[in-house]
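S.K.: Okay, so the sequence shown: first residue is 1 according to full-length UniProt numbering, each after it adds one. All residues carry an ideal CB built from backbone N, CA and C; glycine is no exception. Keep in mind that this is a model prediction, so the values were computed, not measured.
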Amino acid sequence: MNLTEIFVNRLAKDSKVVTIDSLFNEDKVKKTQYAPPYQRNYVWDGEKATYFLESILIGTEIPPLIFFRNKKGAEIIDGRQRYETILKFLNGELRLSKAGLKKLDVLNIDKKTFGSLPEQLKNDFLDTKLRVIEFSFASYDGLTQLDEDSVKQEIFKRYNSGITPLKNLEIDKAIYFDDDLNLFFKEKLKDLKLHEQFDRLFKYEDKKVEVLLQKIRQLLVIHKIPIKYYSKAKQKITDKYYDLLSSQIRSDQFEDLFVSFKKKLDILDEIRMAVDNKEMPYNRLMSEVLFWAFSILEDNAIQLPKKNSTELTEFSKHILNNLRAFAMVRSSFSQQIIDRYNVMACYIEKVYGINKNLYIETNEQFKHKNYELNQVKHGGTTNYQELRINKPEPTTYTIDDICRLMARSRFLVRPPYQREEVINRKKSSEIIESLLLGIKLPPIFIFKSKDGISEVIDGQQRILSILAFLGRKYLNEEGQMVKSNKDGFALLLKDSILTDLNGKCFAQLDEDLQDKITSFDLWVIEINEKNNPDFEPLDLFIRLNNKPYPIKDDTFEMWNSYLDRDLINTIKSSYRNNASWFFMRKTSTRMENENNYSVLSYFNYLKQNGCDLTENGPLDIYKIGGRIAIRLRSKGDISKVLENTKKKDAFVAAVNDLEFTFVRNLKLLLSDEGDSSEKTLSKNLDMLLGIENNRRTQQSFYALWYFFNGLDRENFCKKQKEIIVKTKELFKAMSSDIKRTDFIKMVDDFRTQYKNNEDLEVVKIRLGDIMDFIAFDGDSLKNSAEVDFYVKRDNKIKDQIQIRYERPENVEAYYGCHINRLGFCQSYIAAMLQSSYVYREYDFRSRNVSVVSLKDIMIPYVPLSIQKVFDKMMNYTKTPEYIQSSFFVNVLDYMVEEVINQKLFNYQNVRLINSAMALEDVPDQNKEEFISKSYNHIIHERGGLMEELIAAKGVKGSLEEK
C-alpha cells in the first residue's frame, strides 16, 4: 500500500505518560522489542549513560520514547539508547560513573548500581514520568508485514535524520558564555590586527572567533599538562586546566596575561617569516609547539628570545632541521603529537637545561594534582531535593500562540548562548512534513525568567524551521524582530511521502493544510525561575545537547534504518563471513565495519559499470603534507545508489563479488603456508598495512582495494611473497615524498604485472557462506524459521540428493535451507544440490547428508542473469507427467555441468544454457498444457535445446572417460 495513504488514513498516533516503574515492569519488558534490526547498536559509554541517568534523578524532562504497537507487542522505533540504559541500570548491569555525574557528584553515588542507591533516589527514579508516543495501525485490512516494516523504518528515519547535533565548538560557546577570562580575550580579538595575526599563525579554515578562543584556552594551559597525557586526553584535559586557571586568576591580572600572550605571538611571527619555505610552508603545528616552549621558558623564569636575536634564529633553524615532525598528515594521532613536542623539548633541554621529562612524561606530581582536580566538588548545595528541577507537566503551544507571544516581545527564540540558525532546507522540510502527517515533534524546553520572558533552551531549530516556512519573524538575542535565513522557503520533498507538496511554499498550500500547521500542538516544557531560583539554563542546554551520538547521514547506521532489509542483510551477511579479521575496528558499536564494507562494495559497483574510479571518480588520490592520501569524495553518492531500487541487483552483485574475489584473494595472500586462522590473517593484515598505533584506517582499506581489485587469483597463490613485498613498497611510497603521478604509475605497473588472465577459472563459493541450514528438533519445530526448500537427510534416490519445496509432514527427516542474502536464486542452488555432479563430487553415495557437509559444498558463483535461467528451467520440471519432468530435470543437470566446466563447454562451443534462456517462461495459467506442448516441440525440433543437450552429454562423457 502507498505510504502516503497509510500515514494519512491508516496510522493511529497516541501519546501517553507512564512512570518508569510501570513501563519497565517485567511483563511489559518481555513484550517490548527494543533492538529491532533497523536500529543501531547500543553505543552509549558509561559517562553518557550516567549523565542521562543523572538527568532523570534531577528531574530533567526526557525526550519521548517512540513505540510501534502491533499484534505481538511494542517495538521501540526511537529511544533504544535511553530505554536500554534505564533497563541496564534497573537490572544492576550498569554502575554510575564519576565522570558522568555533573550535579549529583556531591552525593557520593558514583560506582553505585540502582539497588545500592538511597531509598529516596530509587523512589524518585521509579516515579519519574516518561512521555511515550505510540504508533499503530487502526486496522490491518489490506496491510502486509512489508507495509509495517516500511512505516517503522520511515518513522525511525524521520526522528533521527532530522537531528542537527551541536558541534563541540557550539557547546564550548555555551559553556564559556559568561567566563570572564574568555570574555576578556573575546573582546581583545575585536582588534582586527590581533585577529589577523592569530589567524596568520594558526591558519584555521574556520575564521569564527569561537575557533580562535578554543585554541587560546588551550595555549594558555597546555604547558601545565604532560604531553603524553595531553596526546590522549586533548581538549578534555585542557578544558579542566583552563577552568582551574579561570577560577584562580584575578581580573586585574588579565592584562598581564594578555601582554605575555601577545609577546609570544610577535616572536612566532618573526620565526614564521624565517621558516616559511617551499619544502614545507609554515603551519599551525609549529606555532603550537613554539608557543608551548616559550610558556615553559616563562615558567622557569627564563627571558624569552628577543627580536632579531641569534637565540631566535637558532629556534628557526631547529624547526627547519625537523620539518617532518610538523607534517599535517595524521598530526592529531597520539604518537605524532608526542614526537613533535619532544623535538622541541629536546632542544630547550639542551640549550636551557630544562628537564624535558617534566613536560613530556606523565609524572606522579601531575597524577596527584589531576586526582585532586577530579575530587573538586561544587561549592553549592549538597541537598538532593534542592538540586532537582521543579517543573510542571508539559503544556502545549500552537505556532500561532508562539507568534503572539513574540509580537509582545515575550518569547526569545535565540538567547545569546544558542548556536546560529542551521540552514538545511531538507531537514526543515521534513519537520513541516511531520506536522502535516500528524507526527509529534520532541518537546520544546523553555526557561521563563522572573520578568516573564520565555527563552528557548532546546528546540530552537524546530521553531525556526516552522517560522521560516510561515514567513514569520522571531525575537533574536538583541531583542529585535528578524527574519530567518531561509524565510519563506519552498518544501524539498521530492523523495519523501508528501511528494505532491514538493516545491510549494506556505502560501501555495491548501487552506486546510495551512491551518494544520499553524494549529499544530507543540509540547512545551516550561521551567519557571520563580519556582527554580538556582536553575541555570546553560546547564540544561548543555545537558540536552552534549554528546547526543546522533546517527549521521550517509553512514551504514543510517542506511540500516531505512533501506531495503534484504539489501542491508546481504551486506551484513557478506561482511560477517570475514568479520574476525577483515575489520576496521575490532570492537565497533557504530557499524563502522559494515560502513567500510559498503564503501568497498560501492567501488566494486562502479568498476563493474565501467567507471574510472581515480580520475575525477570517487577515489580521490591527492598529496598532502609530503605524503599520498586516499579518500572517498562523496558519501552522498553511495546513498543515491543504495536508494535507487533499479540499481539494487547490480549493487548486490558488487557486494558478493567483493567477498568472493577481493576479500578471498586477500585471505589467500595473508595465509601462512595453509594457516588461515583468524589470528594469522589479522596479524598479517596489520603487517601488510604497516599499522601505526594499532589502528586500521579507512584509507588503508581503500588503498588495498585500489591495489588488488581485479587481479588474478592464481598470482595470489603462486607469487604470494612477491606481492606482499611489492604491496608494502606501495604503502611505504604513500608515506614518502613521491609525486602523485609517480605513485599512480607505480600502482598501474603493479596491477599490470598481476592483472587477470583472460582465461579465468570459475569462482566457487561455499554454501555455508550464503545459506543457513536448520536441523529440525523440538525447539526449531516451534519456530517459524524462514525456509526456502528442504533437503532429505538420507538418500534413497540414486545419484541425487532429494529436495522438496513444500514443508513435509515428517520435517525432522529433512534439513531446512535458507538463503540469507540477495544475489542467489533459490532454483540455481537447488539445481546444484540435486545435481549428479554434487552427488558424486561429495560422495553422497556412501554417506548421508549433514549440516556440515551441506555447508562445505562449493558451487560456481555466476551472474544473476544465468541463475535466473535455472529458475525458468525449474518451473518446467513442476509437472505431474513423469517423463516430461524427468527430461527437464535432466536438462538442469547438464546445465550444472556447463557451469562447472565452463571452459570446456566454451571450447567445444556447447551453449545449453543459452538455448534454455530462449525458452518462454511457464505461465501461471494452464501450466501443464504449456509444459507438455513445449516438451513435444523441443524433442521434435532440429537444433535448439535438444541439439545442445545431446552435445552436453558428449562433453560430460568425455570428462568421465578422463
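So what's CYS817 in DSSP terms, helix, strand or just coil?
M.R.: In this structure, CYS817 counts as strand in the three-state DSSP scheme.
S.K.: State the DSSP-derived secondary structure class of GLY636, mapped to helix, strand or coil.
M.R.: Helix.
S.K.: Within the continuous alpha helix (DSSP H) that includes ASP772, where are the two ends?
M.R.: Where ASP772 is concerned, there is no enclosing alpha helix (DSSP H), although the beta strand (DSSP E) it sits in stretches over 771 to 775.
S.K.: Where does TRP523 sit, in a helix, a strand or coil, going by DSSP?
M.R.: Reduced to three states, the DSSP call for TRP523 is strand.
S.K.: Alpha carbon to alpha carbon, how far is GLN720 from ASN756?
M.R.: Their Cα atoms are separated by approximately 15 Å.
S.K.: Only counting runs of 4 or more residues, tell me where the alpha helix (DSSP H) segments fall wholly within the stretch 295 to 333, in order along the chain.
M.R.: Listed in chain order, they are 310 to 320.
S.K.: Of all the options GLU430, ASP566, PHE708, which has the alpha carbon lying nearest to the alpha carbon of ILE723?
M.R.: The candidate whose alpha carbon is nearest that of ILE723 is PHE708.
S.K.: Are there three or more Cβ pairs, one per stretch, closer than 8 Å when the stretch 872 to 888 is compared with the stretch 839 to 853?
M.R.: The stretch 872 to 888 vs the stretch 839 to 853: no contact.
S.K.: Starting from the C-beta of LYS473, find all residues in its chain whose C-beta is less than 7 Å away, skip the five residues before and the five after it, and write them out in chain order.
M.R.: Result list for LYS473: MET481, VAL482, LYS483, in chain order.
S.K.: Could you name the residues of the same chain whose beta carbon sits closer than 6 Å to that of ALA830, not counting the 5 residues immediately before and after it, in chain order?
M.R.: Result list for ALA830: PHE789, ILE803, in chain order.
S.K.: Hey, could you find the ends of the alpha helix (DSSP H) GLY100 is sitting in?
M.R.: From DSSP, GLY100 is part of no alpha helix (DSSP H); its letter is neither H nor E.
S.K.: Given THR60, which residues of its chain have a CB within under 7 Å of its CB, disregarding the five upstream and five downstream residues?
M.R.: The answer, listed in chain order, is ILE389, LEU540, ARG543.
S.K.: Do VAL655 and SER588 have their beta-carbon atoms positioned less than 8 Å apart in this structure?
M.R.: Their beta carbons are not under 8 Å apart, which means SER588 does not touch VAL655 by this criterion.
S.K.: Can a CB atom of chain C be found closer than 8 Å to the CB of GLY488?
M.R.: You won't find chain C in this structure, because it holds only one protein chain.
S.K.: Looking only at its own chain, which residues have a Cβ that is under 7 Å from the Cβ of LEU689, when we skip the five neighbours before and after it?
M.R.: Closer than 7 Å at the Cβ level, and outside the excluded window around LEU689, lie ARG696, SER700, PHE731.
S.K.: Using 8 Å as the threshold, is the C-beta distance between GLU349 and LYS356 below it?
M.R.: For GLU349 and LYS356, yes; Cβs fall inside 8 Å.
S.K.: What is the C-beta distance between VAL762 and SER835, in whole angstroms, given that I count them as a contact (C-beta under 8 Å)?
M.R.: Their Cβ separation, rounded to whole angstroms, is 15 Å, which puts VAL762 and SER835 out of contact at 8 Å.
S.K.: As a quick exercise: from PRO64, LYS98, LYS72, pick the residue whose alpha carbon is nearest that of TYR83.
M.R.: Considering only alpha carbons, the answer is PRO64.
S.K.: Any idea if SER915 is buried or exposed, counting beta-carbon neighbours within 10 angstroms, 16 or more meaning buried?
M.R.: SER915 should be labelled buried.
S.K.: Is GLU941 helix, strand or coil when you go by DSSP?
M.R.: Coil at GLU941, not helix or strand.
S.K.: Going by CA-CA distance only, name the one from ILE237, LYS111, LYS956, ASP124 that's closest to LEU57.
M.R.: The option with the nearest alpha carbon to LEU57 is ASP124.
S.K.: Got a sec, what are the start and stop residues for the alpha helix (DSSP H) ALA138 sits in?
M.R.: ALA138 -> no alpha helix (DSSP H), and no H or E assigned at all.
S.K.: Would you kindly check if the distance between the Cβ of ASN604 and the Cβ of ASP686 is under 8 Å?
M.R.: No, the Cβ-Cβ distance between ASP686 and ASN604 is not below 8 Å.
S.K.: Find the nearest neighbour of TYR397 within the set SER139, TRP523, TYR575, SER332, judged by alpha-carbon distance.
M.R.: Residue TRP523 is the option with its Cα nearest to TYR397.
S.K.: Alpha carbon to alpha carbon, how far is PHE411 from SER454?
M.R.: Cα to Cα, PHE411 sits roughly 5 Å from SER454.
S.K.: Quick one: residues in its chain with C-beta nearer than 7 Å to the C-beta of ARG633, no 5 flanking neighbours on either side, listed in chain order?
M.R.: Only PRO618, ASP620 meet the Cβ criterion.
S.K.: Could you tell me which residues DSSP puts in a beta bridge with TYR397?
M.R.: Paired residues: LEU522.
S.K.: Using the Cα positions of LYS726 and LEU498, report the straight-line distance between them to the nearest angstrom.
M.R.: Cα to Cα, LYS726 sits roughly 55 Å from LEU498.
S.K.: Give me the residue from SER574, LEU959, ASP21, GLY823 with the minimum Cα distance to ASP769.
M.R.: Comparing Cα positions, the closest option is SER574.
S.K.: Could you tell me if the beta carbon of SER55 falls within a distance shorter than 7 Å of some heavy atom in the ligand ZN?
M.R.: Ligands displayed in this structure: none; no statement on the ligand ZN is therefore possible.
S.K.: Taking the DSSP output, what are the residues bridged to ASP620?
M.R.: DSSP output for ASP620 lists ARG631 as bridge partner(s).
S.K.: Decide if VAL599 is buried, meaning its Cβ has at least 16 other Cβ atoms within 10 Å, or exposed.
M.R.: Classification of VAL599: buried, given that the 10 Å Cβ count is 16 or more.
S.K.: Just list the residues that DSSP pairs TYR828 with in beta bridges.
M.R.: DSSP, once it has assigned bridges, lists no residue as partnering TYR828.
S.K.: Below 6 Å CB to CB, which residues in the same chain sit around LYS782 once its five sequence neighbours on both sides are set aside?
M.R.: The pLDDT assigned to LYS782 is 48, lower than 50, so where the model puts this residue is not dependable; a value taken from the coordinates is nonetheless given after this. Counting only Cβ-Cβ distances below 6 Å, and skipping sequence neighbours, we find nothing.
S.K.: Please state the DSSP three-state secondary structure of GLN33.
M.R.: Three-state DSSP puts GLN33 in a strand.
S.K.: Check whether the stretch 526 to 534 touches the stretch 2 to 20, taking contact to mean three or more Cβ pairs, one atom from each stretch, closer than 8 Å.
M.R.: These segments do not touch.
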